[in-house]
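Trainee:
There are 2 protein chains.
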Amino acid sequence: MSLSIGSIAFDTIENVHGKRERIVGGSLTYYAYAASLFENPKLVGVVGEDFPQEIIEEMEERGIDTRGIVREKGKTFFWAGKYSDDFLERETISTELNVFEQFDPKIPDFYKDENNVFLANIAPSLQEKVMEQLGENKFYVMDTMNLWINIDREGLEKVIRKADGIILNDEEARMLTGKSYIYDAAKALKEYGVKFVLIKKGENGSMLYFNNKFTVIPPYPVETVIDPTGAGDSYGGAFMGFLEEAEEINEKTLKRAMVYGTIVSSFTIEDFGTERLKKLTRKEFEKRFKDYAEMLNFNI
Amino acid sequence: MSLSIGSIAFDTIENVHGKRERIVGGSLTYYAYAASLFENPKLVGVVGEDFPQEIIEEMEERGIDTRGIVREKGKTFFWAGKYSDDFLERETISTELNVFEQFDPKIPDFYKDENNVFLANIAPSLQEKVMEQLGENKFYVMDTMNLWINIDREGLEKVIRKADGIILNDEEARMLTGKSYIYDAAKALKEYGVKFVLIKKGENGSMLYFNNKFTVIPPYPVETVIDPTGAGDSYGGAFMGFLEEAEEINEKTLKRAMVYGTIVSSFTIEDFGTERLKKLTRKEFEKRFKDYAEMLNFNI
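Just so you know, the sequences run in chain order A and B. Under the numbering used here, the first residue of the first sequence is numbered 56, with each subsequent residue one higher. Under the numbering used here, the first residue of the second sequence is numbered 56, with each subsequent residue one higher.
1. Quick check on this structure: which residue in 89(B), 269(B), 214(B), 279(B) has the alpha carbon closest to the alpha carbon of residue 360(B)?
2. Between residue 274(B) and residue 326(B), what straight-line distance do the alpha-carbon atoms span, to the nearest angstrom?
3. Counting Cβ pairs closer than 8 Å, one from the segment 126-146 of chain A and one from the segment 331-341 of chain A, do we hit at least three?
4. In angstroms with no decimal places, state the Cα-to-Cα distance between residue 291(B) and residue 175(B).
5. What residues of chain B sit near residue 253(A), judged by a beta carbon separation below 8 Å?
6. Any idea if residue 145(B) is buried or exposed, counting beta-carbon neighbours within 10 angstroms, 16 or more meaning buried?
7. Just checking my contact of residue 162(A) with residue 185(A) at CB under 8 Å: how many whole Å lie between their CB atoms?
8. Would you mind telling me which residues of chain B sit closer than 7 Å to residue 353(A), beta carbon to beta carbon, in chain order?
9. Since residue 261(B) sits in a beta bridge, which residues does DSSP pair it with?
10. Taking its Cβ as the centre, do 16 or more other Cβ atoms sit within 10 Å of residue 70(A), making it buried, or is it exposed?
11. If we ignore side chains and look at the alpha-carbon of each, how far apart do residue 279(B) and residue 72(B) end up?
12. Kindly list the residues whose CB is nearer than 6 Å to the CB of residue 285(A), restricted to its own chain and excluding five residues on each side of it in sequence; keep chain order.
13. Which one of 306(B), 301(B), 353(B), 354(B) has the shortest CA to CA distance from residue 93(B)?
14. How about residue 276(A): is its C-beta nearer than 8 Å to some C-beta of chain B?
15. Would you list, in sequence order, the uninterrupted alpha helix (DSSP H) runs of no fewer than 4 residues that lie entirely inside the segment 95-143 of chain B?
16. I'd like to know if residue 235(A) contacts chain B, where contact means its C-beta is closer than 8 Å to some C-beta of that chain.
17. List in chain order: all unbroken beta strand (DSSP E) runs of 3+ residues lying wholly within the segment 159-185 of chain B.
18. Relative to the C-alpha of residue 209(A), which residue among 74(A), 180(A), 226(A) is closest?
19. Would residue 62(A) and residue 155(A) be called neighbours here (beta carbons separated by less than 8 Å)?
20. Residues in the same chain with beta-carbon distance under 6 Å from residue 213(B), minus the five sequence neighbours each way, listed in chain order, please.
21. Alpha carbons only, please: which of 234(B), 65(B), 160(B), 87(B) is nearest the one belonging to residue 105(B)?
22. Using a Cβ-Cβ cutoff of 8 Å, what residues of the segment 243-271 of chain B are near chain A? List them in chain order.
23. Helix, strand or coil: how does DSSP classify residue 280(B) here?
24. Count the other CB atoms, across all protein chains shown, that sit within 10 Å of the CB of residue 96(B); report buried if there are 16 or more and exposed otherwise.
25. For residue 196(A), which beta-bridge partners are listed by DSSP?
26. What's the gap between the Cα of residue 150(A) and the Cα of residue 341(B)?
27. For residue 79(B), does the three-state DSSP call read helix, strand or coil?
28. Would you mind telling me which residues of chain B sit closer than 7 Å to residue 307(A), beta carbon to beta carbon, in chain order?
29. Can you give the Cα-Cα distance for residue 310(B) and residue 316(B), rounded to whole angstroms?
30. If you follow the beta strand (DSSP E) that residue 70(A) is in, where does it begin and where does it stop?
31. If you draw a straight line from the C-alpha of residue 141(A) to the C-alpha of residue 241(B), how long is it?
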């Protein structure tokens with residue numbers, strides 16, 4: 056089972072398809088719903104007094120281990136954002152850290168045997184605290200976002216140097232490395248010492264750099280995007296979820312994990328927030344996986 | 056064999072890797088070298104008195120049928136351009152139409168039996184003249200560029216309405232349709248009445264819209280691009296070259312044709328102008344085709 060730390064949040068999302076107020080979101084939430092299709096992810100996170108217990112119960116029913124989620128005095132982390140009509144730009148309207156401001160993640164002892172650890176998009180200082188408690192012998196995969204590159208590059212770089220793999224989007228990869236050609240950016244990221252670099256390119260698919268070799272896979276074609284929020288986090292969840300099933304980390308298993316991420320995130324964006332994702336069944340996943348494989352079969 | 060009309064040119068190209076003066080280029084030239092790997096393309100074009108006969112002979116040796124290339128009084132079409140260091144922008148420094156100004160394409164009678172016709176990137180008025188001479192019962196595939204969308208949208212739209220398939224890049228697709236989401240742009244292009252829409256996305260691969268279905272394939276990863284000039288035209292050449300081998304036009308054959316385009320254009324960009332492309336062997340193509348198929352094999 057994978058262990059993950061990240062944010063649990065209320066999100067207010069506005070885009071061309073409408074507006075949703077204070078729906079459940081956060082990097083850890085998307086991660087967990089996606090991973091839960093394949094395994095029983097163990098979460099470490101924090102919520103405030105205003106967070107509904109029934110959501111926690113809903114997660115438990117889905118096979119998500121929520122014992123590492125603590126409830127603190129105060130309000131749950133809140134984020135509000137607005138997308139441009141073509142989804143190419145996203146403006147942050149409001150960020151209220153709330154209980155996150157004082158969050159000091161503690162890994163429960165009964166979580167400590169897990170080998171695969173995902174540091175979802177969260178402050179580098181918190182990612183580092185997890186690494187300190189779990190030690191060096193774990194398989195760490197991390198995500199991040201432009202915010203941390205801007206306000207805590209040093210802390211972020213420290214975390215990357217200790218990670219086994221990094222997953223981030225193309226814009227972040229370019230921002231972090233100063234390289235505009237994506238292959239150059241991937242190579243520069245590898246220099247931090249990670250074993251693999253995975254770059255998510257949104258509607259353009261994703262790319263892996265591993266063992267000095269590039270693997271590029273296309274997106275699953277989604278004709279109408281309702282809300283791209285959480286696409287990257289659920290990519291990470293499905294990616295790690297597959298790696299739980301895999302016997303070793305190699306080119307083949309990383310590639311298949313990418314396909315899992317691609318397929319699951321293609322569902323995420325079909326509705327607001329976690330709406331589509333939390334109803335997703337393994338059967339629906341398998342069907343789309345098959346369609347994707349068929350799309351890439353060019354034997355005649 | 057496919058029949059094609061397009062430009063033959065001298066190009067002066069400047070980019071981060073250097074500068075090449077007055078090298079042979081043009082949409083028809085790239086098309087022909089790419090297609091010649093799979094068939095004997097028949098060209099209709101014009102050159103000036105300054106165009107070396109040995110280049111024509113070089114093409115003939117490569118199996119390209121140059122009998123439809125006429126030599127007119129005056130100078131060969133000339134284009135000079137400069138790429139930004141990251142190749143994301145291309146500035147036209149100079150365009151001299153020269154012999155193209157008066158070009159009135161005539162399809163030789165011995166070319167008229169060919170079924171598959173490619174209208175490479177050239178003025179819509181010239182593409183239309185070819186259609187007028189060959190009639191309605193051909194399989195027309197066309198390319199275009201931003202210049203024609205800007206200066207002759209009406210003429211261009213007239214040609215698209217008579218075409219069976221259109222191949223263009225993502226920027227052009229967005230410009231022509233006013234749709235920023237690429238799936239919407241593809242659907243809007245389909246409305247012109249074409250059977251298929253193929254959108255080339257440069258370093259992000261390519262996308263087909265056919266029979267109300269999308270197929271998206273990734274690029275072949277090229278770590279160092281020396282010169283992207285002609286990538287799109289050679290994609291078209293390899294695409295049509297494969298369709299010559301195919302018994303019918305269906306989802307499977309179009310998809311495989313896309314892969315041919317992807318692989319051949321990945322060679323084109325590895326050197327300036329046609330340098331890499333004109334030396335490309337079928338064996339080298341087969342090797343990279345196999346690597347590409349292996350990259351997309353995610354069975355474990």
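Glycine residues also receive a C-beta, built at the ideal position from the N, C-alpha and C atoms. Remember, it's a predicted structure, so these values are computed and weren't measured experimentally.
Mentor: Working from what's here:
1. Outside the displayed range of chain B (56 to 355) lies residue 360(B), so it cannot be described from this structure.
2. Translated into the one-based positions of the second sequence, residue 274(B) becomes position 219. Translated into the one-based positions of the second sequence, residue 326(B) becomes position 271. Looking at the backbone, the Cα of residue 274(B) and that of residue 326(B) are separated by about 17 Å.
3. no
4. Working through the second sequence from its first residue, we reach residue 291(B) at position 236. Working through the second sequence from its first residue, we reach residue 175(B) at position 120. So the two alpha carbons sit approximately 8 Å from each other.
5. As a working note, residue 253(A) is residue 198 in the first sequence. Within 8 Å Cβ-Cβ: nothing; residue 253(A) doesn't reach chain B, min ~14 Å.
6. To locate residue 145(B), count along the second sequence from 1; it is residue 90. Exposed, by the Cβ-count rule.
7. Here residue 162(A) refers to the residue found at position 107 when the first sequence is read from its first residue. Here residue 185(A) refers to the residue found at position 130 when the first sequence is read from its first residue. The Cβ separation is near 6 Å, so the contact holds.
8. For the purposes of this step, residue 353(A) is taken as residue 298 along the first sequence, with counting starting at 1. 310, 311, 314, listed in chain order.
9. Walking along the second sequence from the start, residue 261(B) turns up at place 206. DSSP, once it has assigned bridges, lists 255(B), 272(B) as partnering residue 261(B).
10. Taking the first residue of the first sequence as position 1, residue 70(A) is located at position 15. Buried, because 16 or more other Cβ atoms sit within 10 Å of the Cβ of residue 70(A).
11. Mapped onto the second sequence, residue 279(B) falls at position 224. Mapped onto the second sequence, residue 72(B) falls at position 17. The alpha-carbon separation between residue 279(B) and residue 72(B) amounts to approximately 10 Å.
12. Here the question's residue 285(A) lines up with position 230 in the first sequence. Only 85, 323 meet the Cβ criterion.
13. Walking along the second sequence from the start, residue 93(B) turns up at place 38. It is 301(B).
14. Counted from its first residue, the first sequence places residue 276(A) at position 221. At least one chain B Cβ lies under 8 Å of residue 276(A).
15. 108-116
16. Numbered from 1 along the first sequence, position 180 holds the residue referred to as residue 235(A). So, interface residue.
17. 171-174
18. Taking the first residue of the first sequence as position 1, residue 209(A) is located at position 154. Among 74(A), 180(A), 226(A), the Cα nearest to that of residue 209(A) is on 180(A).
19. Taking the first sequence and counting its residues from 1, the one referred to as residue 62(A) is at position 7. Taking the first sequence and counting its residues from 1, the one referred to as residue 155(A) is at position 100. Closer than 8 Å, so yes.
20. Counting from one through the second sequence, the residue named residue 213(B) turns up at place 158. Once the five neighbours on either side are set aside, residue 213(B) has no close Cβ partner at all.
21. As a working mapping, residue 105(B) is identified with position 50 in the second sequence. Comparing Cα-Cα distances from residue 105(B) to each of 234(B), 65(B), 160(B), 87(B), the minimum goes to 65(B).
22. 256, 258, 259, 260, 262, 269, 270, 271
23. Start at 1 with the first residue of the second sequence, and residue 280(B) comes out as number 225. Of the three classes helix, strand and coil, the one that applies to residue 280(B) here is coil, per DSSP.
24. Position 41 of the second sequence, counted from the first residue, corresponds to residue 96(B). Residue 96(B) should be labelled buried.
25. Along the first sequence, one-based indexing puts residue 196(A) at 141. DSSP output for residue 196(A) lists 173(A), 220(A) as bridge partner(s).
26. By 1-based counting over the first sequence, the position of residue 150(A) is 95. By 1-based counting over the second sequence, the position of residue 341(B) is 286. Whole-angstrom Cα-Cα distance: 53 Å.
27. Indexing the second sequence from 1 puts residue 79(B) at position 24. In this structure, residue 79(B) counts as strand in the three-state DSSP scheme.
28. Here the question's residue 307(A) lines up with position 252 in the first sequence. Within 7 Å Cβ-Cβ: 355.
29. Against the second sequence, residue 310(B) aligns to sequence position 255. Against the second sequence, residue 316(B) aligns to sequence position 261. Distance from the CA of residue 310(B) to the CA of residue 316(B), rounded to the nearest whole angstrom, comes to 10 Å.
30. Numbered from its first residue, the first sequence carries residue 70(A) at position 15. Unbroken beta strand (DSSP E) run through residue 70(A): 64-70.
31. Against the first sequence, residue 141(A) aligns to sequence position 86. Against the second sequence, residue 241(B) aligns to sequence position 186. Here the C-alpha atom of residue 141(A) lies approximately 15 Å from the C-alpha atom of residue 241(B).
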